[in-house]
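Colleague: Submitted below is the structure of interest, expressed as structure tokens.
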Amino acid sequence: MSSYSLRSSHFSSLPVTTSTTKVSTADSGFVMRQPNRVQTSSSIDREQTHLDDSRIKHEEKVKSLTDFLNKMVNEPVESLITVDTIQRLGIKSLFREQIKAILQWQYTHFSSLNHGKDDVYEIALRFRLLRQEGYYVPADVFEYFNDKRKGFVTKLKGNIKDMMALYEASQMSIEGEDILNEAEYFSGKCLHALLTCDLDHEQAILIESTLRYPYRKSFARLLASQSFVNDMPGVNSWMEDLLEVANTERRIVQSVHQKEIHQIDTWWKELGLGEEMKFARDQPLKWYMWSVAILPDPSLSEHRIELIKPISLVYIIDDIFDVHGTVDELILFTEVIRRWDNVCAEQLPEYMKICFKWADLCNAFLVEFQWNASGKLPNADDYLKNGTITSGAPLVLAHLFFLMGQNIANQSTDSKKEEVPLPNAIFLVAKILRLWDDLGCAQDENQNGYDGSYVECYLREMQGSSNQSVREHVMELISKLWKLLNKECLSPCPSSGPFREACVNAAKMVSLMYNYEDKHGLELLQDHIKSFTCDHETL
């Protein structure tokens, strides 16, 4: 029932449990323990003084960089490079207003800045950063580099920096933008060809990372490498300060996450589901990874803790349907949830009506269970429609939608019974999750349950197709869904910028969690978990 299909991810091999004194993941070989040292009052005073000094120094560096960014708003190229670097280092939450001002200026002057330019790096970087921020800018800026008869001009082929920028920009395409499809094919082909040349190690790493983890579909904090700055022009004057701030911020964020883990551990133990339901997964640390990925801003601690609650319950309900409940029990369970008083529910504000979406989830689980119990699988389209719900993503992201919409409760008094429509981005993310999950298999989750997959339904429907051709078909569907998601995130957009960002982050996490062929991605995620569970140093 590959449910929260925030489920059968790489971490199925990691039996994670948390504790206020010890967190162990046996298969990955790391343990968190509270420091076992007795501190004298003088050592505590010295530690506190060091902590205060470090924070003051960090704040001064951030202020200095903030002033620097405020002064470079109208710098056509260096401001773009700076914004890109900040985002890749995973510290954009420190400079949101400055980044917003820079990109607003770039958008206002987009046509004049690109007019007559033949610098593909500058044009591609500007295009990508603006689209990531939600600005619609036309893809025809790349027509200059495209020969109608021969495709993209061959003079670009040997330039690594240009090809990487063009490939990254192509990931922001929406449906119907053939020029960006051609840009992706051309730049990807050139980059793969460059890997066969005599490159130095850092260049090869950069190209491989760009092809495997384009910024739009990966996580800066997991994948940030200081080597990517070496080939950037004009950055030495401020790069050292940025790297220092990024390293300090990483330690601060690690400390925040460790505190959150302890709070989640307390909540989970008090809830008691891990003890009551021995058949179900007991992996709060794994589930917490979703909250961290979707809401990376350090200031959103309360939101991350709240978000893990529906995530964990989706996992539990999935296991009830998938590996434990009988047919009669599951029908009765679903019917009980279905009988909630919908008449009274109409009087509730929209943010409370979200509770009733549990009925949709259980209905979809039951449908899936009955399909598999009967041995009569549906066609691929019907499976995907139902599987979008059983992914658990619509419920969790709908919960987040109201959690982040501080003005929803006030609006509900005016609109009364008028339903607040959920952004389509939620369902696009759910389909991406379902399809990635179904490229894997139930065995990856170390479960006895079986729930079918889109791949199996499609193979039965398209008899004679090979597993490889079906995989290619699924990857093409995922690519189309990303294009639709990109379009949903462009202005004007019905949902807020932070929520759009959260949806994109969820989609990014999917490809890392469910790409079973990507061993490097698994290692990165395991390392990221280790960073939460080691004794952190005092700042």
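The working numbering puts the first residue of the sequence shown at 484, with every later residue one more than the last.
From the three backbone atoms N, C-alpha and C, an ideal C-beta is built for every residue, glycine too.
Considering just the uninterrupted stretch of the alpha helix (DSSP H) at Gln-615, what are its terminal residues?
Modeller: Here residue 615 corresponds to residue number 132 of the sequence shown, with the count starting at 1. Per DSSP, Gln-615 belongs to the alpha helix (DSSP H) from 603-615.
Colleague: So, under 8 Å CB-CB, Ile-794 and Val-739 are touching, yes? Tell me the CB distance rounded to an integer number of Å.
Modeller: Position 311 of the sequence shown holds residue 794. Position 256 of the sequence shown holds residue 739. Contact flag wrong, Cβ pair sits at about 19 Å.
Colleague: Grouping DSSP H, G and I as helix and E and B as strand, with all else coil, what is Gly-573?
Modeller: Taking the sequence shown and counting its residues from 1, one reaches residue 573 at position 90. Here Gly-573 sits in coil by DSSP.
Colleague: Here's a check: name, in chain order, each residue in its chain whose Cβ is nearer than 6 Å to the Cβ of Pro-781, leaving out the five neighbours to either side.
Modeller: Translated into the one-based positions of the sequence shown, residue 781 becomes position 298. Closer than 6 Å at Cβ, skipping near neighbours: Val-736, Val-739.
Colleague: Val-545 to Thr-591, Cα distance in whole Å?
Modeller: Taking the sequence shown and counting its residues from 1, one reaches residue 545 at position 62. Taking the sequence shown and counting its residues from 1, one reaches residue 591 at position 108. So the alpha carbons of these two residues sit roughly 27 Å apart.
Colleague: Bridge partners for Gly-947 per DSSP, in chain order?
Modeller: By one-based count along the sequence shown, residue 947 stands at place 464. None; Gly-947 has no bridge partner.
Colleague: Name the DSSP beta bridge partners of Asn-629, please?
Modeller: As a working mapping, residue 629 is identified with position 146 in the sequence shown. Answer is Phe-635.
Colleague: Within 10 angstroms of its Cβ, does Asp-811 collect 16 or more other Cβ (buried), or is it exposed?
Modeller: The count along the sequence shown starts at 1 and reaches residue 811 at position 328. Asp-811 comes out exposed.
Colleague: Among the residues of its own chain, which have a CB less than 6 Å from the CB of Gln-930, if the five just before and after it don't count?
Modeller: By 1-based counting over the sequence shown, the position of residue 930 is 447. Because the pLDDT of Gln-930 is 45, which lies under 50, any placement of that residue in the model is unreliable, and the number read from its coordinates should be weighed accordingly. So the qualifying residues of the chain are Val-806.
Colleague: Skipping 5 residues on each side, what residues in its chain have a beta carbon closer than 8 Å to that of Val-953?
Modeller: Mapped onto the sequence shown, residue 953 falls at position 470. Val-938, Tyr-941, Leu-942, Met-945.
Colleague: Just to confirm my understanding: we take Arg-821, look at its own chain, exclude 5 residues before and 5 after, and list those with CB closer than 6 Å. What are they?
Modeller: What you label residue 821 is simply residue 338 of the sequence shown in a count that begins at 1. Ala-842.
Colleague: Enumerate in chain order the residues of its own chain whose CB-to-CB distance from Ser-936 is below 6 Å, with the five nearest sequence positions on each side excluded.
Modeller: Taking the sequence shown and counting its residues from 1, one reaches residue 936 at position 453. So the qualifying residues of the chain are Asp-921.
Colleague: Look up Phe-702 in the DSSP assignment and say whether it is helix, strand or coil.
Modeller: One-based indexing of the sequence shown puts residue 702 at position 219. Note: Phe-702 maps to coil in three-state DSSP.
Colleague: May I ask you to report which of helix, strand or coil DSSP gives Arg-787?
Modeller: To locate residue 787, count along the sequence shown from 1; it is residue 304. Here Arg-787 sits in helix by DSSP.
Colleague: Between which two residues does the alpha helix (DSSP H) containing Val-556 stretch?
Modeller: What you label residue 556 is simply residue 73 of the sequence shown in a count that begins at 1. Val-556 -> no alpha helix (DSSP H), and no H or E assigned at all.
Colleague: With DSSP run on the structure shown, which of helix, strand or coil describes Pro-906?
Modeller: Taking the sequence shown and counting its residues from 1, one reaches residue 906 at position 423. In this structure, Pro-906 counts as coil in the three-state DSSP scheme.
Colleague: To the nearest whole angstrom, what separates the beta carbons of Arg-611 and Glu-558, a pair I think is in contact under 8 Å?
Modeller: Sequence index remark: in the sequence shown, residue 611 carries index 128 (1-based). Sequence index remark: in the sequence shown, residue 558 carries index 75 (1-based). 18 Å between Cβ atoms; not a contact.
Colleague: For Lys-583, which of Asp-567, Asn-597, Leu-596 has the nearest alpha-carbon?
Modeller: Here residue 583 refers to the residue found at position 100 of the sequence shown. The residue with the shortest Cα to Cα distance from Lys-583 is Asp-567.
Colleague: Taking the alpha-carbon of Phe-702 as reference, which of Tyr-866, Leu-572, Trp-721, Trp-751 has the nearest alpha-carbon?
Modeller: Counted from its first residue, the sequence shown places residue 702 at position 219. Ranking the options by Cα distance to Phe-702, first place goes to Leu-572.
Colleague: Tell me whether the beta-carbon of Leu-663 lies closer than 7 Å to the beta-carbon of Glu-789.
Modeller: Here residue 663 corresponds to residue number 180 of the sequence shown, with the count starting at 1. Here residue 789 corresponds to residue number 306 of the sequence shown, with the count starting at 1. No, the pair does not count as a contact, with Cβ atoms beyond the cut-off.
Colleague: Can you give the Cα-Cα distance for Gln-853 and Ile-574, rounded to whole angstroms?
Modeller: Position 370 of the sequence shown, counted from the first residue, corresponds to residue 853. Position 91 of the sequence shown, counted from the first residue, corresponds to residue 574. Computed Cα separation, rounded: 47 Å.
Colleague: Check for me: the alpha helix (DSSP H) holding Lys-672 runs from which residue to which?
Modeller: As a working note, residue 672 is residue 189 in the sequence shown. Here the alpha helix (DSSP H) through Lys-672 covers 661-677.
Colleague: Contact between the region 754-768 and the region 960-975 is defined here as three or more beta-carbon pairs at a separation below 8 Å; is this criterion met?
Modeller: Contact fails: fewer than three Cβ-Cβ distances are below 8 Å.
Colleague: Report yes if the CB atom of Cys-673 is closer than 7 Å to the CB atom of Met-646, and no otherwise.
Modeller: Within the sequence shown, residue 673 is the residue found at index 190, counting from 1. Within the sequence shown, residue 646 is the residue found at index 163, counting from 1. Yes, Cβ-Cβ distance for Cys-673 and Met-646 is below 7 Å.
Colleague: Quick check: what's the CA-CA separation for Ile-803 versus Leu-815?
Modeller: Walking along the sequence shown from the start, residue 803 turns up at place 320. Walking along the sequence shown from the start, residue 815 turns up at place 332. Their Cα atoms are separated by approximately 13 Å.
Colleague: Can Pro-779 and Ile-747 be called in contact, C-beta distance under 7 Å?
Modeller: The residue you call residue 779 lines up with position 296 of the sequence shown. The residue you call residue 747 lines up with position 264 of the sequence shown. Against a cut-off of 7 Å, the Cβ pair of Ile-747 and Pro-779 comes out as no contact.
Colleague: Pull up the distance between the alpha-carbon of Glu-851 and that of Leu-918, whole angstroms please.
Modeller: Within the sequence shown, residue 851 is the residue found at index 368, counting from 1. Within the sequence shown, residue 918 is the residue found at index 435, counting from 1. Their backbone Cα atoms lie some 15 Å apart in a straight line.
Colleague: How long is the line joining the alpha carbons of Ser-857 and His-675, rounded to whole angstroms?
Modeller: To locate residue 857, count along the sequence shown from 1; it is residue 374. To locate residue 675, count along the sequence shown from 1; it is residue 192. Their Cα atoms are separated by approximately 47 Å.
Colleague: Taking DSSP as the reference, what is the three-state secondary structure of Asn-855?
Modeller: Taking the sequence shown and counting its residues from 1, the one referred to as residue 855 is at position 372. Of the three classes helix, strand and coil, the one that applies to Asn-855 here is helix, per DSSP.
Colleague: To the nearest angstrom, how far is it from the Cα of Asp-865 to the Cα of Ser-874?
Modeller: On the sequence shown, position 382 is the one that residue 865 refers to. On the sequence shown, position 391 is the one that residue 874 refers to. Roughly 14 Å separates the two Cα atoms.
Colleague: Quick one: what does DSSP say Gly-755 is sitting in, helix, strand or coil?
Modeller: In the sequence shown, residue 755 corresponds to position 272, counting from 1. Here Gly-755 sits in coil by DSSP.
Colleague: How is the alpha helix (DSSP H) around Cys-986 delimited, first residue to last?
Modeller: In the sequence shown, the residue the question calls residue 986 occupies position 503. Cys-986 -> alpha helix (DSSP H) spans 980-997.
Colleague: By Cβ distance below 6 Å, which residues in the same chain neighbour Leu-916 in space, the five residues on each side in sequence not counted?
Modeller: To locate residue 916, count along the sequence shown from 1; it is residue 433. Excluding positions up to five away in sequence, the list reads Ser-488, Ser-874, Ala-876, Val-993.
Colleague: What separation, rounded to the nearest whole angstrom, lies between the Cα atoms of Ile-777 and Glu-959?
Modeller: On the sequence shown, position 294 is the one that residue 777 refers to. On the sequence shown, position 476 is the one that residue 959 refers to. Answer to the nearest angstrom: the Cα atoms are 24 Å apart.
Colleague: Is it buried or exposed for Gln-951, if we count other Cβ within 10 angstroms and need 16 for buried?
Modeller: Translated into the one-based positions of the sequence shown, residue 951 becomes position 468. Gln-951 comes out exposed.
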